[in-house]
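Novice:
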Amino acid sequence: MKHILLRFGKYENVTNSGQDGTTIQFPFAMVSADLVGLPEETIKTASKRMTVSISRTLCETWGHDGDDLVLILFEIGRRKIIERLCQQGQISDDELVTAQQENVCPFDPKQIRQPDGFEENVEMPSRIGF
Numbered sequence: 010m011k012h013i014l015l016r017f018g019k020y021e022n023v024t025n026s027g028q029d030g031t032t033i034q035f036p037f038a039m040v041s042a043d044l045v046g047l048p049e050e051t052i053k054t055a056s057k058r059m060t061v062s063i064s065r066t067l068c069e070t071w072g073h074d075g076d077d078l079v080l081i082l083f084e085i086g087r088r089k090i091i092e093r094l095c096q097q098g099q100i101s102d103d104e105l106v107t108a109q110q111e112n113v114c115p116f117d118p119k120q121i122r123q124p125d126g127f128e129e130n131v132e133m134p135s136r137i138g139f
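In the numbering used here, the protein residues as written are 10 to 139.
1) In whole angstroms, give me the CA-to-CA distance for Gln-99 and Asp-76.
2) Let's test the definition: count the other Cβ atoms within 10 Å of the Cβ of Ala-108 and tell me whether it reaches 16, buried, or not, exposed.
3) On a CA-only basis, which of Gln-110, Phe-83, Leu-105, Ile-63 is nearest Asp-29? Give me that one, please.
4) Looking only at C-alpha atoms, which of Ile-13, Met-10, Pro-48, Arg-58 sits nearest to Asn-22?
5) Counting pairs of beta carbons, one from the stretch 46-55 and one from the stretch 89-97, are three or more of them closer than 8 Å?
In structure tokens:
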């Protein structure tokens, strides 16, 4: 099985003035886990960004803002890029994710780790080719 290591960095609020909502950008690095610690790790590491947006209305419906909202957006985006990576085998350098309309917030922010320094080892599904 092939594994990909995702390493997230310090997030940035990139909400445009006048935007009716919030947009947070989460930078991360992506490298094949079997290269970690080897001399070629640095050269084979790709820098990527995950940008997650949520409408003001949805923020109000969920009742979260500030640090809690950042954690929730991180979890939404993290799960979405892992899903895309596993389905497509690759992701773009700048992944865009929008929080979906749900009546209740899907995550408890107290149970989500801080994005800065978070690492995740993603097991890639086996591909059968003909």
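Glycine is no exception: its CB is placed at the ideal position from the N, C-alpha and C atoms.
Just so we're clear, the structure is a prediction, and the values are computed from it rather than from any experiment.
Specialist: With the given structure in hand:
1) Cα to Cα, the separation comes out at about 30 Å.
2) buried
3) Ile-63
4) Arg-58
5) no
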